[in-house]
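Below: one structure, written as structure tokens.
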Amino acid sequence: MNGNDHIRWSEDLAAYMLGALEQREAGEFERHLESCERCQGEMRWFDPAVQTLSESVERQEPPPGLRAALMAEVRADVRPAPAKSRRWRLRPAMAFAAAALLVAVVVGYEIGTSDSGSKGGSTVLSTQEHGIRVKMVREGDGGTLHLANLHQLPPDKVLEAWVRREGTVEAVPALLVPDRKGQAETTIADMSGVDTVMVTEEPQGGSETPTGEAIVTMTVPL
Amino acid sequence: MAVRREKAERLADEELMPLVGRKDPEAFEVLYDRHGGAAYSLAYRIVGDRAAAEEVTQEAFISVWRSGARFDAARGSVRSWLLSVVRNRAIDFLRSKAGKAPKLDFDDESALEQRPAAERTEDEALRRETAGEVRGAIGKLPGEQAKVIDLAYFGGFSHSEIAEMLQLPMGTVKGRMRLGLEKIRGELAEGLA
Numbered sequence: 000m001n002g003n004d005h006i007r008w009s010e011d012l013a014a015y016m017l018g019a020l021e022q023r024e025a026g027e028f029e030r031h032l033e034s035c036e037r038c039q040g041e042m043r044w045f046d047p048a049v050q051t052l053s054e055s056v057e058r059q060e061p062p063p064g065l066r067a068a069l070m071a072e073v074r075a076d077v078r079p080a081p082a083k084s085r086r087w088r089l090r091p092a093m094a095f096a097a098a099a100l101l102v103a104v105v106v107g108y109e110i111g112t113s114d115s116g117s118k119g120g121s122t123v124l125s126t127q128e129h130g131i132r133v134k135m136v137r138e139g140d141g142g143t144l145h146l147a148n149l150h151q152l153p154p155d156k157v158l159e160a161w162v163r164r165e166g167t168v169e170a171v172p173a174l175l176v177p178d179r180k181g182q183a184e185t186t187i188a189d190m191s192g193v194d195t196v197m198v199t200e201e202p203q204g205g206s207e208t209p210t211g212e213a214i215v216t217m218t219v220p221l
Numbered sequence: 000m001a002v003r004r005e006k007a008e009r010l011a012d013e014e015l016m017p018l019v020g021r022k023d024p025e026a027f028e029v030l031y032d033r034h035g036g037a038a039y040s041l042a043y044r045i046v047g048d049r050a051a052a053e054e055v056t057q058e059a060f061i062s063v064w065r066s067g068a069r070f071d072a073a074r075g076s077v078r079s080w081l082l083s084v085v086r087n088r089a090i091d092f093l094r095s096k097a098g099k100a101p102k103l104d105f106d107d108e109s110a111l112e113q114r115p116a117a118e119r120t121e122d123e124a125l126r127r128e129t130a131g132e133v134r135g136a137i138g139k140l141p142g143e144q145a146k147v148i149d150l151a152y153f154g155g156f157s158h159s160e161i162a163e164m165l166q167l168p169m170g171t172v173k174g175r176m177r178l179g180l181e182k183i184r185g186e187l188a189e190g191l192a
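So the sequence lines, in the order shown, correspond to chains A and B. Per numbering that gives the first Met the number 0, residue 0 is the first one in the first sequence, and the count goes up by one each step. Per numbering that gives the first Met the number 0, residue 0 is the first one in the second sequence, and the count goes up by one each step.
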């Protein structure tokens with residue numbers, strides 16, 4: 000490697016770090032870089048300047064739905080794929096148990112309407128059972144289930160939400176994991192036809208059908 | 000088995016990445032909570048539209064989730080790697096948007112957006128500058144250096160496209176990029192002194 004060769008490529012280094020070289024040029028530069036310690040050193044020196052560009056942008060608050068949508072996709076990746084369909088009919092015994100839970104556990108709810116400033120406003124349902132505060136915020140076709148005052152779970156357990164729609168129970172893709180304040184939330188993308196929302200404790204990764212005891216059951220007016 | 004959220008929060012980014020590589024949602028969630036704001040802000044800065052920035056950020060994080068094992072700690076921090084993934088996605092978004100066939104009833108504004116990158120003109124440079132987007136670290140640079148860095152890093156233009164846009168020799172464009180980065184780096188070094 001002679002000095003002139005380095006000087007020639009050195010002119011391209013900043014453009015390379017800014018992503019401004021054409022693909023072919025970038026490939027040639029990378030081949031040079033492999034054997035040029037001076038360019039490698041310059042890159043290390045310039046690197047904080049390039050990182051500063053990313054960090055210097057005006058901070059924007061991500062939309063609240065982004066995190067929920069992202070985690071729903073992530074959790075759907077780790078959830079075992081159902082054998083046939085994500086929908087299923089409750090077995091008779093399970094249906095009976097779910098119905099019994101509905102009757103026995105629902106404490107009541109308050110219905111209020113708040114003007115969230117978005118189209119059509121939002122409907123808020125709230126209740127409390129087993130010391131857990133439950134709030135369901137319906138907006139448009141979907142809704143968000145908020146839980147508070149949750150106990151920390153054993154490491155091998157998660158909370159999973161379920162909706163019942165026309166007699167069929169469906170899993171909500173995003174699992175609920177309480178934070179340090181004992182709060183958790185999940186998004187229900189489609190609330191149409193849903194008459195009941197339930198939360199159960201399930202093994203890590205979630206289940207295809209409810210296996211644990213319901214800690215929350217909320218009826219939803221159609 | 001996935002780690003609990005509390006445990007994941009105590010781990011450094013570099014310790015979270017192997018867990019993400021093993022498909023641990025809690026580790027990934029902590030990673031998003033730490034860097035999602037910066038990632039969305041960068042995406043918004045590049046694409047200039049909230050819905051598009053949301054889409055870009057989600058795609059970038061999903062690609063990290065599905066390829067987390069590819070992170071190489073020897074080549075920089077998790078944060079800088081993540082932000083580079085976001086930048087690449089955002090630039091790809093801009094390019095794919097520019098590559099669409101023009102509408103028959105286009106107006107000047109939509110036509111500008113739909114032209115291939117190489118055909119976008121100095122209007123683009125002017126728009127980015129006058130929109131107050133040259134700020135922060137590059138805001139302190141001489142205007143001609145800030146402009147080429149802004150167009151390259153946040154606009155996704157190559158040095159030859161910028162040269163054509165600004166009607167400058169390519170060597171001048173590359174020189175201004177280098178001088179600009181040197182100045183930013185120098186200020187960082189002074190700040191540490």
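Beta carbons are placed, not taken as given, at the ideal position from N, Cα and C, and that holds for glycine. Model, not experiment: these values are computed from the prediction.
- Around the beta carbon of W44/A, a 10 Å sphere encloses fewer than 16 other beta carbons of the protein chains shown; the residue is thus reported as exposed.
- According to DSSP, Q127/A shares a beta bridge with R132/A.
- Around the beta carbon of I6/A, a 10 Å sphere encloses fewer than 16 other beta carbons of the protein chains shown; the residue is thus reported as exposed.
- Of the candidates L152/A, C38/A and S55/A, C38/A places its Cα closest to the Cα of D11/A.
- With at least 16 other beta carbons inside 10 angstroms of its own, S40/B counts as buried.
- DSSP places P202/A within a strand segment (E or B) once states are collapsed to three.
- Here DSSP, grouped into helix, strand and coil, assigns E189/B to helix.
- Among the residues facing chain B, A170/A is not included, as its CB has no counterpart in that chain under 8 Å away.
- For G141/A, not one C-beta of chain B is nearer than 8 Å to its own C-beta.
- Under the Cβ distance rule, A72/B does not count among the residues neighbouring chain A, no pair being separated by less than 8 Å.
- Across the stretch 51 to 82 of chain A, CB contacts with chain B closer than 9 Å involve T51, L52, S53, E54, S55, V56, E57, R58, Q59, E60, P61, P62, G64, L65, R66, A68, L69, M70, E72, V73, R74, D76 and V77, in sequence order along the chain.
- T56/B belongs to the set of residues whose beta carbon lies under 8 Å from a beta carbon in chain A.
- When Cβ-Cβ separations below 8 Å define contact, W80/B makes no contact with chain A.
- Looking only at G64/A, E36/A and E41/A, the smallest Cα-Cα distance to R49/B is reached by G64/A.
- Residue contact with chain A for M176/B: present (Cβ-Cβ distance below 8 Å to some residue of chain A).
- F156/B is not a Cβ neighbour of R44/B, given a cutoff of 8 Å.
- A distance below 8 Å separates the beta carbons of V55/B and A42/B.
- Linking A188/A to G139/A through their CA atoms gives a straight-line distance of about 10 Å.
- For E29/A, no Cβ of chain B is located within less than 8 Å of the residue's own Cβ.
- The Cβ neighbour count for H31/A, taken over all protein chains shown within 10 Å, is at least 16; the residue is labelled buried.
- Here the C-alpha atom of L167/B lies approximately 16 Å from the C-alpha atom of D149/B.
- CA-CA distance, T199/A to L10/B, rounds to 29 Å.
- By the Cβ neighbour-count rule, T210/A is exposed, with fewer than 16 other Cβ atoms within 10 Å of its own.
- Residue burial annotation: H158/B is buried, with at least 16 other C-beta atoms found within 10 angstroms of its C-beta.
- According to the DSSP assignment, H145/A belongs to no alpha helix (DSSP H) but to the beta strand (DSSP E) extending over G141 to A147.
- Taking all protein chains in view, the Cβ of Q22/A is surrounded by fewer than 16 other Cβ atoms within 10 Å, so the residue is classified as exposed.
- With respect to K156/A, E212/A sits apart: the two C-beta atoms are not nearer than 8 Å.
- By the C-beta density criterion, T186/A is buried, having at least 16 other C-beta atoms within 10 angstroms.
- Taking 8 Å as the upper bound on Cβ-Cβ separation, chain B lies near residues A13, A14, M16, L17, G18, A19, L20 and E21 of the stretch 13 to 41 of chain A.
- In the DSSP annotation of this structure, the continuous segment of the beta strand (DSSP E) that includes T186/A starts and ends at A183 to I187.
- Contact with chain B is absent for W8/A, since none of that chain's Cβ atoms lies less than 8 Å from the residue's Cβ.
- As DSSP reads the structure, M197/A sits in a beta bridge with W161/A and T216/A.
- V56/A sits in coil when the DSSP states are folded into three classes, being neither helix nor strand.
- By the neighbour-count definition (other C-beta atoms within 10 Å, threshold 16), E57/A is an exposed residue.
- In the same chain as E143/B, and ignoring 5 residues on each side of it, the C-beta atoms closer than 8 Å to its own belong to R175, in chain order.
- In the DSSP annotation of this structure, the continuous segment of the alpha helix (DSSP H) that includes T56/B starts and ends at R49 to R65.
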